[in-house]
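Participant: Respectively, the protein sequence lines represent chains S and E. Just so you know, the working numbering puts the end of the first sequence at 272, numbered straight through with nothing missing. Just so you know, the working numbering puts the end of the second sequence at 723, numbered straight through with nothing missing.
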Amino acid sequence: MEETIKFQLNGKKTESLIDPKQTLLWALRNHFGLTGTKFGCGMGFCGACTVLIDNEPVRSCQLSVGDTAGKNIITVEGLANDGKLHPVQKAFVEHDALQCGFCTPGMIMNATGLLIKNPAPSVQQIKEGMENNLCRCGAHMRIIEAVQTASKEMKGGK
Amino acid sequence: MKKEKIKDQYVLQTSEHHGMPRRDFFKVLGGGIFIFFRPWGALDLTGTPAVQARGVPKDYNAFLRIAEDGTITCYTGKIEMGQGIITSLPQMMADELNVSVEKIKIIMGDTDICPWDQGTWGSQSTRIFGQLMRTATAEARGALMELGSAKLGVPVSQLIVKDGVVTDTKDPKKTVSYAQLAEGKRIEKFLDVKPSMEDFTKYKEIGKSYNRKDSLLKVTGEAKYTGDMKLPGMVFARILRPPSHATKLTSVDYSAAEKIAGTKVVRDGDFIAVLNESRDKADEAIVKIKAEYSFKELPVNDKTIYEYMVKADSTVTSVKSTGDIEAGQKLCDKVFDSEYHDPYVAHVAIETHSALAQLENGKMTVWAATQSPFGLREGIMRELGMAADKVRVITPFVGGGFGGKGEFQQGVEAAKIAKLSGKPVMLVWTREEEFFYDTFHPAGVIKVKSGIDKTGLIKFWDYNVFYSGTRGADALYEIPNIHISHHSQKNGSSPVHQFGTGAWRAPNNNTNTFAREVQIDVMAAAAGMDPLEFRRKNLKDEHLLGCLKAVADKFGYVTGKAPSGRGIGVAIGSDAGAWVAHIAEVKVDKKTGKVEVVRITCAQDMGLCINPEGATIQMEGCITMGLGYTLGEEVLFEGGKILTLSLDAYKIPLFSWLPKIETVILDRKNEPPQGGGEPAIIAIGAVVANAIFDATGARLYRMPMTPERVLEALKKV
Numbered sequence: 115m116e117e118t119i120k121f122q123l124n125g126k127k128t129e130s131l132i133d134p135k136q137t138l139l140w141a142l143r144n145h146f147g148l149t150g151t152k153f154g155c156g157m158g159f160c161g162a163c164t165v166l167i168d169n170e171p172v173r174s175c176q177l178s179v180g181d182t183a184g185k186n187i188i189t190v191e192g193l194a195n196d197g198k199l200h201p202v203q204k205a206f207v208e209h210d211a212l213q214c215g216f217c218t219p220g221m222i223m224n225a226t227g228l229l230i231k232n233p234a235p236s237v238q239q240i241k242e243g244m245e246n247n248l249c250r251c252g253a254h255m256r257i258i259e260a261v262q263t264a265s266k267e268m269k270g271g272k
Numbered sequence: 007m008k009k010e011k012i013k014d015q016y017v018l019q020t021s022e023h024h025g026m027p028r029r030d031f032f033k034v035l036g037g038g039i040f041i042f043f044r045p046w047g048a049l050d051l052t053g054t055p056a057v058q059a060r061g062v063p064k065d066y067n068a069f070l071r072i073a074e075d076g077t078i079t080c081y082t083g084k085i086e087m088g089q090g091i092i093t094s095l096p097q098m099m100a101d102e103l104n105v106s107v108e109k110i111k112i113i114m115g116d117t118d119i120c121p122w123d124q125g126t127w128g129s130q131s132t133r134i135f136g137q138l139m140r141t142a143t144a145e146a147r148g149a150l151m152e153l154g155s156a157k158l159g160v161p162v163s164q165l166i167v168k169d170g171v172v173t174d175t176k177d178p179k180k181t182v183s184y185a186q187l188a189e190g191k192r193i194e195k196f197l198d199v200k201p202s203m204e205d206f207t208k209y210k211e212i213g214k215s216y217n218r219k220d221s222l223l224k225v226t227g228e229a230k231y232t233g234d235m236k237l238p239g240m241v242f243a244r245i246l247r248p249p250s251h252a253t254k255l256t257s258v259d260y261s262a263a264e265k266i267a268g269t270k271v272v273r274d275g276d277f278i279a280v281l282n283e284s285r286d287k288a289d290e291a292i293v294k295i296k297a298e299y300s301f302k303e304l305p306v307n308d309k310t311i312y313e314y315m316v317k318a319d320s321t322v323t324s325v326k327s328t329g330d331i332e333a334g335q336k337l338c339d340k341v342f343d344s345e346y347h348d349p350y351v352a353h354v355a356i357e358t359h360s361a362l363a364q365l366e367n368g369k370m371t372v373w374a375a376t377q378s379p380f381g382l383r384e385g386i387m388r389e390l391g392m393a394a395d396k397v398r399v400i401t402p403f404v405g406g407g408f409g410g411k412g413e414f415q416q417g418v419e420a421a422k423i424a425k426l427s428g429k430p431v432m433l434v435w436t437r438e439e440e441f442f443y444d445t446f447h448p449a450g451v452i453k454v455k456s457g458i459d460k461t462g463l464i465k466f467w468d469y470n471v472f473y474s475g476t477r478g479a480d481a482l483y484e485i486p487n488i489h490i491s492h493h494s495q496k497n498g499s500s501p502v503h504q505f506g507t508g509a510w511r512a513p514n515n516n517t518n519t520f521a522r523e524v525q526i527d528v529m530a531a532a533a534g535m536d537p538l539e540f541r542r543k544n545l546k547d548e549h550l551l552g553c554l555k556a557v558a559d560k561f562g563y564v565t566g567k568a569p570s571g572r573g574i575g576v577a578i579g580s581d582a583g584a585w586v587a588h589i590a591e592v593k594v595d596k597k598t599g600k601v602e603v604v605r606i607t608c609a610q611d612m613g614l615c616i617n618p619e620g621a622t623i624q625m626e627g628c629i630t631m632g633l634g635y636t637l638g639e640e641v642l643f644e645g646g647k648i649l650t651l652s653l654d655a656y657k658i659p660l661f662s663w664l665p666k667i668e669t670v671i672l673d674r675k676n677e678p679p680q681g682g683g684e685p686a687i688i689a690i691g692a693v694v695a696n697a698i699f700d701a702t703g704a705r706l707y708r709m710p711m712t713p714e715r716v717l718e719a720l721k722k723v
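Here it is in structure tokens:
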């Protein structure tokens with residue numbers, strides 16, 4: 115049964131007639147056309163579907179769109195501002211912190227959430243914070259470096 | 007759909023290449039200058055498994071086009087799955103055409119407009135395809151010079167070409183651009199190209215580091231992978247799957263599934279799928295189907311498979327035989343007899359197998375996550391009885407392959423459902439399906455008997471592989487008496503592998519390098535020699551000696567006899583034409599058996615390196631991924647039932663596993679480029695095993711080296 119759900123999506127007030135039981139992941143991808151958020155396992159183990167909800171990194175495959183009513187959702191498409199990359203995105207590009215790129219949106223969203231909570235994490239804290247986001251290509255080392263670079267830039271510029 | 011059957015048919019039915027008629031080709035592409043060439047006459051299929059050694063195309067294919075607007079486009083059947091050829095292939099072309107890398111576009115993996123290609127695997131994109139393409143590009147420049155000569159009325163020898171403009175050296179005002187030359191024309195050049203060796207040092211773009219070309223698209227979420235495509239009226243499909251391999255559907259009731267709003271069930275024999283515009287609803291519907299199966303009891307599991315392999319009635323092939331093993335053994339002071347085990351390992355690309363299929367006006371178009379778009383096209387032609395010009399496969403970005411997407415079952419399935427339902431169908435495999443239908447890195451046993459004389463020289467090497475393949479099985483060391491054999495599936499015997507196996511990043515080589523390099527280490531320790539010195543003493547290959555020196559220098563290696571307690575190991579290997587040497591440092595918790603890899607240094611000789619940045623990323627990726635099969639990855643199964651079906655049950659490397667990684671690429675500008683996506687993964691198992699021995703004196707002969715197995719080995723010290 116469809117219902118009207120209201121929330122903030124990538125900075126815009128959004129009102130949508132949608133089945134509230136649909137998972138947020140598939141709603142984002144199929145209903146809102148935001149395909150940057152990826153399906154990797156559907157069970158919350160891989161992190162490819164990570165989005166920010168009220169600044170918290172959340173696995174969008176693990177909650178329904180109805181649960182997000184009234185909340186502020188940011189996906190990878192909503193990070194860049196006026197065509198200017200978010201510092202985390204920029205750092206991923208600079209460090210070549212990706213290969214196939216499929217885990218990348220989830221990594222970026224998780225890292226962004228991590229830096230909101232802890233603007234200057236140590237390498238150990240980055241590893242712990244990113245631990246359950248999976249990358250198969252083995253970009254881990256560069257991802258850590260990218261998060262460090264972004265951390266520096268965000269403290270300076272934002 | 008049974009995988010094995012498909013493979014057999016594949017070999018039989020693909021000897022003829024189904025090329026697109028040139029007329030149609032131009033209709034799709036328009037005008038310009040086309041350099042067609044026939045590259046595969048010179049194709050070296052060494053290292054390509056027999057099943058992949060398909061027939062070569064008989065007609066010419068476009069490879070390179072200079073369009074009327076001057077853009078240069080390379081059309082290739084290769085695909086980008088993260089390995090970075092989207093960046094390095096244009097680099098190889100830019101020098102020949104004397105344009106900047108940015109001016110070169112690359113169109114990949116579209117069977118209607120790209121030349122036939124066997125598939126993207128075996129580290130062939132650079133060392134074979136790239137070399138041919140570079141040669142073709144040089145021919146293209148020749149053609150442009152001739153056209154320029156005619157246009158400007160000056161001899162070719164008087165012309166230079168720079169930034170896409172042909173200029174008269176005597177009168178620099180006389181110029182003509184590539185665009186002007188191509189305008190209003192349709193020029194076709196046909197070439198038989200063989201790769202040529204030449205002086206690579208003259209190049210400007212080749213050898214320069216470039217960041218990934220596709221990263222901007224990938225960090226913004228704009229990059230389109232197969233699952234990101236959408237067509238009007240598209241439905242999501244889920245397919246009814248058996249709980250185990252070797253089963254037969256005995257009864258099925260899908261009435262409850264049909265009650266889920268908007269759900270349609272399609273069926274063709276035992277092939278049953280549910281369709282819904284909502285993926286969540288399709289997920290809901292599929293579990294409502296009540297199905298019963300008859301099982302075939304299979305006599306093997308992940309523990310007994312090794313004994314099963316050794317005892318099986320196999321076909322034994324002699325891979326290499328030089329000298330006399332018995333005579334060699336008589337020269338030895340010490341003889342070592344070991345058996346090495348390696349389990350099934352899954353590919354686990356983060357993007358699962360996905361495909362979108364649409365049948366429109368009799369033409370099937372399939373977007374698919376595949377390493378083999380032409381293979382998939384042929385699969386659809388065969389399974390659905392369609393003609394070549396009625397099937398088009400398009401490959402968007404691929405979210406990791408590692409060999410696993412050489413198989414394309416999901417593409418055929420999506421096409422089948424599109425035909426059955428008349429709707430555009432999106433099929434994205436679940437993680438469970440991904441594990442279930444994965445063509446695993448094959449489990450294997452390697453039995454090695456070898457010996458050294460009193461001076462520490464290896465005198466014989468008797469190396470026998472059971473069911474895991476022989477890529478990387480070369481002895482590498484200077485040994486006078488060598489016997490290498492492979493025990494494989496005998497025709498008519500019951501299958502030893504109970505499910506699909508296939509290429510997994512550096513196929514076979516991870517297993518073979520593990521066995522060889524641990525055996526070498528066993529001998530070095532028994533000889534009372536430093537493991538690096540022992541290797542050096544028994545090696546003549548300049549490439550490997552060069553890698554060993556480079557890695558020792560980078561690591562700051564200090565000679566020591568193992569077990570020294572330091573936890574430092576050495577291993578070498580060769581794959582895809584390249585050579586590697588690794589040194590690792592580990593810490594072993596003797597109470598828990600947990601191994602922490604602290605540091606891995608790798609030196610790689612890959613001939614001319616096209617893009618050092620890209621090659622370094624690949625080496626780091628290899629090292630990180632290699633830790634998985636080394637320390638934790640193992641497919642568990644009981645008969646035909648796969649027990650590790652989730653990313654919780656099957657752990658791949660995590661951030662916390664990450665050691666300090668250092669890489670060195672040897673400067674080899676005067677040698678042809680070799681593979682770079684695979685070599686650095688092959689020695690990780692061995693280098694870690696040898697480091698564990700150095701730390702504790704415990705010798706591990708089996709991967710992965712889990713805490714339990716380390717504890718078990720420690721008991722024997």
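All C-beta atoms in this analysis are idealised placements derived from N, C-alpha and C, irrespective of residue type, glycine included.
For Val564 (chain E), which of E:Lys546, E:Tyr443 and E:Glu591 has the nearest alpha-carbon?
Facilitator: The residue labelled residue 564 (chain E) in the question sits at position 558 within the second sequence. The candidate whose alpha carbon is nearest that of Val564 (chain E) is E:Glu591.
Participant: Compare the C-beta of Gln239 (chain S) with all C-beta atoms of chain E and state if any pair is closer than 8 Å.
Facilitator: Along the first sequence, one-based indexing puts residue 239 (chain S) at 125. Answer no: the Cβ-Cβ gap between Gln239 (chain S) and chain E never drops below 8 Å.
Participant: Would you please verify whether the beta carbon of Asp210 (chain S) is less than 8 Å from any beta carbon of chain E?
Facilitator: Your numbering for residue 210 (chain S) matches position 96 in the first sequence. True, the Cβ-Cβ gap to chain E drops below 8 Å.
Participant: Would Glu421 (chain E) and Val372 (chain E) be called neighbours here (beta carbons separated by less than 8 Å)?
Facilitator: Position 415 of the second sequence, counted from the first residue, corresponds to residue 421 (chain E). Position 366 of the second sequence, counted from the first residue, corresponds to residue 372 (chain E). Inspection of the sequence shows that residue 421 (chain E) is occupied by Ala rather than by Glu. Cβ distance < 8 Å, so Ala421 (chain E) and Val372 (chain E) count as in contact.
Participant: Taking the beta carbon of Pro161 (chain E) as the centre, do at least 16 other beta carbons fall within 10 Å, making it buried, or is it exposed?
Facilitator: Position 155 of the second sequence, counted from the start, is the residue given in the question as residue 161 (chain E). That one is exposed.
Participant: Anything in chain S within Cβ reach of Tyr231 (chain E), meaning under 7 Å, just list it in chain order.
Facilitator: Residue mapping note: residue 231 (chain E) aligns to position 225 of the second sequence, counting from 1. Here the neighbours are Phe216.
Participant: Quick check on Ala609 (chain E) - is its C-beta less than 8 Å from some C-beta in chain S?
Facilitator: Mapped onto the second sequence, residue 609 (chain E) falls at position 603. For Ala609 (chain E), no Cβ of chain S is located within less than 8 Å of the residue's own Cβ.
Participant: Could you tell me the distance, in whole angstroms, from the CA atom of Ala587 (chain E) to the CA atom of Leu550 (chain E)?
Facilitator: If you number the second sequence from 1, residue 587 (chain E) lands on position 581. If you number the second sequence from 1, residue 550 (chain E) lands on position 544. Roughly 7 Å between the two C-alpha positions.
Participant: What number of angstroms, rounded off, separates the C-alpha of Lys120 (chain S) from the C-alpha of Val179 (chain S)?
Facilitator: Counting from 1 along the first sequence, the entry for residue 120 (chain S) is found at position 6. Counting from 1 along the first sequence, the entry for residue 179 (chain S) is found at position 65. Roughly 10 Å separates the two Cα atoms.
Participant: Distance check for Glu267 (chain S) and Ala225 (chain S), CA to CA, integer angstroms please.
Facilitator: Within the first sequence, numbered from 1, the residue matching residue 225 (chain S) stands at position 111. Within the first sequence, numbered from 1, the residue matching residue 267 (chain S) stands at position 153. Rounded to whole angstroms, Ala225 (chain S) to Glu267 (chain S) spans 14 Å at the Cα level.
Participant: Does the count of Cβ pairs from the region 390-401 of chain E and the region 356-373 of chain E closer than 8 Å reach three?
Facilitator: Between the region 390-401 of chain E and the region 356-373 of chain E there are three or more C-beta pairs closer than 8 Å, enough to call the two in contact.
Participant: So, with DSSP's three-state summary, where would you put Ile658 (chain E)?
Facilitator: Translated into positions along the second sequence, residue 658 (chain E) becomes position 652. Three-state result, Ile658 (chain E): coil.
Participant: Within the region 148-216 of chain S, note down every full alpha helix (DSSP H) run reaching 4 residues or more, in order along the chain.
Facilitator: Look at the region 148-216 of chain S and you find these whole runs of alpha helix (DSSP H), each 4 residues long or longer: 201-208.
Participant: Along the beta strand (DSSP E) that carries Arg244 (chain E), what are the first and last residues, could you check?
Facilitator: The residue you call residue 244 (chain E) lines up with position 238 of the second sequence. First-last of the beta strand (DSSP E) with Arg244 (chain E): Val241 to Ile245.
Participant: Who does Leu281 (chain E) pair with in a DSSP beta bridge?
Facilitator: As a position in the second sequence, residue 281 (chain E) is number 275, starting the count at 1. Under the DSSP definition of a beta bridge, Leu281 (chain E) partners with E:Ala243 and E:Lys270.
Participant: Beta-carbon of Glu639 (chain E) versus every beta-carbon of chain S: anything under 8 Å?
Facilitator: Position 633 of the second sequence, counted from the start, is the residue given in the question as residue 639 (chain E). No, no contact with chain S.
Participant: Among E:Val167, E:Val272, E:Met87 and E:Asp289, which has the Cα closest to the Cα of Arg147 (chain E)?
Facilitator: In the second sequence, counting from the first residue as 1, residue 147 (chain E) sits at position 141. Between Arg147 (chain E) and the set E:Val167, E:Val272, E:Met87 and E:Asp289, the nearest pair of CA atoms involves E:Val167.
Participant: What residues from chain S crowd round Asn217 (chain E), counting only those whose CB sits closer than 8 Å?
Facilitator: Within the second sequence, residue 217 (chain E) is the residue found at index 211, counting from 1. In chain order: Val207, Glu208 and Asp210.
Participant: What's the C-alpha gap between Asp133 (chain S) and Ile245 (chain E)?
Facilitator: Residue numbering aside, residue 133 (chain S) sits at position 19 when the first sequence is read from its first letter. Residue numbering aside, residue 245 (chain E) sits at position 239 when the second sequence is read from its first letter. Distance between the alpha carbons of Asp133 (chain S) and Ile245 (chain E) is about 23 Å.
Participant: Inspect the beta-carbon positions of Leu187 (chain E) and Leu153 (chain E) and report whether they are closer than 8 Å.
Facilitator: Numbered from 1 along the second sequence, position 181 holds the residue referred to as residue 187 (chain E). Numbered from 1 along the second sequence, position 147 holds the residue referred to as residue 153 (chain E). Result yes, Cβ atoms of Leu187 (chain E) and Leu153 (chain E) sit closer than 8 Å.
Participant: Taking C-beta pairs closer than 8 Å, name the residues in chain E that Cys163 (chain S) reaches, listed in chain order.
Facilitator: Position 49 of the first sequence holds residue 163 (chain S). Near Cys163 (chain S) there are no residues of chain E at all, since even the closest Cβ is about 11 Å away, more than 8 Å.
Participant: With a threshold of 8 Å, are at least 3 pairs of Cβ atoms found where one atom belongs to the region 382-393 of chain E and the other to the region 332-349 of chain E?
Facilitator: no
Participant: Find the residues of chain E that neighbour Glu245 (chain S), judging by a C-beta separation of less than 8 Å, and give them in chain order.
Facilitator: Residue numbering aside, residue 245 (chain S) sits at position 131 when the first sequence is read from its first letter. Simply Leu660, Phe661 and Ser662.
Participant: Kindly identify the DSSP beta-bridge partner or partners of Trp373 (chain E).
Facilitator: Here residue 373 (chain E) refers to the residue found at position 367 of the second sequence. DSSP, once it has assigned bridges, lists E:Leu362 and E:Ile400 as partnering Trp373 (chain E).
Participant: Buried or exposed for Lys5 (chain E), please, with buried defined as at least 16 other CB atoms from any protein chain shown within 10 angstroms of its CB.
Facilitator: For residue 5 (chain E) there is no data in the structure shown, the boundaries of chain E being 7 and 723.
Participant: Return the residue from the list S:Arg143, S:Leu177, S:Leu229 and S:Lys231 that minimises the CA-CA distance to Glu228 (chain E).
Facilitator: On the second sequence, position 222 is the one that residue 228 (chain E) refers to. Here the closest residue by C-alpha is S:Arg143.
Participant: With 8 Å set as the bound, which would you pick, yes or no: does the beta-carbon of Cys175 (chain S) sit closer than that to a beta-carbon of chain E?
Facilitator: Taking the first sequence and counting its residues from 1, the one referred to as residue 175 (chain S) is at position 61. Not closer than 8 Å to any Cβ of chain E, the Cβ of Cys175 (chain S) fails to qualify, so no.
Participant: Using the C-alpha atoms, what's the distance from Ile488 (chain E) back to Thr328 (chain E)?
Facilitator: Numbered from its first residue, the second sequence carries residue 328 (chain E) at position 322. Numbered from its first residue, the second sequence carries residue 488 (chain E) at position 482. Taking the straight line from one Cα to the other gives about 5 Å.
Participant: Just to confirm the assignment, what range does the beta strand (DSSP E) spanning Arg605 (chain E) have?
Facilitator: Looking up residue 605 (chain E) in the second sequence gives position 599. Counting along the chain, the beta strand (DSSP E) containing Arg605 (chain E) begins and ends at Val601 to Asp611.
Participant: Ends of the alpha helix (DSSP H) at Tyr299 (chain E)?
Facilitator: Position 293 of the second sequence, counted from the start, is the residue given in the question as residue 299 (chain E). No alpha helix (DSSP H) contains Tyr299 (chain E), which is instead part of the beta strand (DSSP E) from Lys296 to Phe301.
Participant: Contact defined as beta carbons within less than 8 Å: I believe Gly711 (chain E) pairs with Val601 (chain E). What is the distance between those atoms, to the nearest angstrom?
Facilitator: The residue given as residue 711 (chain E) occupies position 705 in the second sequence. The residue given as residue 601 (chain E) occupies position 595 in the second sequence. Checking the sequence shown, residue 711 (chain E) turns out to be Met, not Gly. Sure, about 6 Å apart at Cβ, within 8 Å.
Participant: Helix, strand or coil: how does DSSP classify Arg708 (chain E) here?
Facilitator: Here residue 708 (chain E) refers to the residue found at position 702 when the second sequence is read from its first residue. Looking at Arg708 (chain E) - three-state DSSP - the assignment turns out to be strand.
Participant: How many whole angstroms separate the CB atoms of Cys160 (chain S) and Leu653 (chain E), which I take to be in contact at a CB cut-off of 8 Å?
Facilitator: Here residue 160 (chain S) refers to the residue found at position 46 of the first sequence. Here residue 653 (chain E) refers to the residue found at position 647 of the second sequence. Confirmed, Cβ separation roughly 5 Å.
Participant: Who are the Cβ neighbours of Met240 (chain E) in its own chain at under 6 Å, not counting the five residues just before and after it?
Facilitator: Stepping through the second sequence from its first residue, residue 240 (chain E) is reached at position 234. Excluding sequence neighbours, Met240 (chain E) sits near Pro430 and Met432.
Participant: Keeping to the same chain, check which residues put their C-beta closer than 6 Å to that of Phe505 (chain E); ignore five residues upstream and five downstream.
Facilitator: On the second sequence, position 499 is the one that residue 505 (chain E) refers to. Excluding residues within five positions, the ones whose Cβ falls inside 6 Å are His251.
Participant: Output needed in chain order: residues of the region 252-286 of chain E with a Cβ under 7 Å from some Cβ in chain S.
Facilitator: Ser284, Arg285 and Asp286
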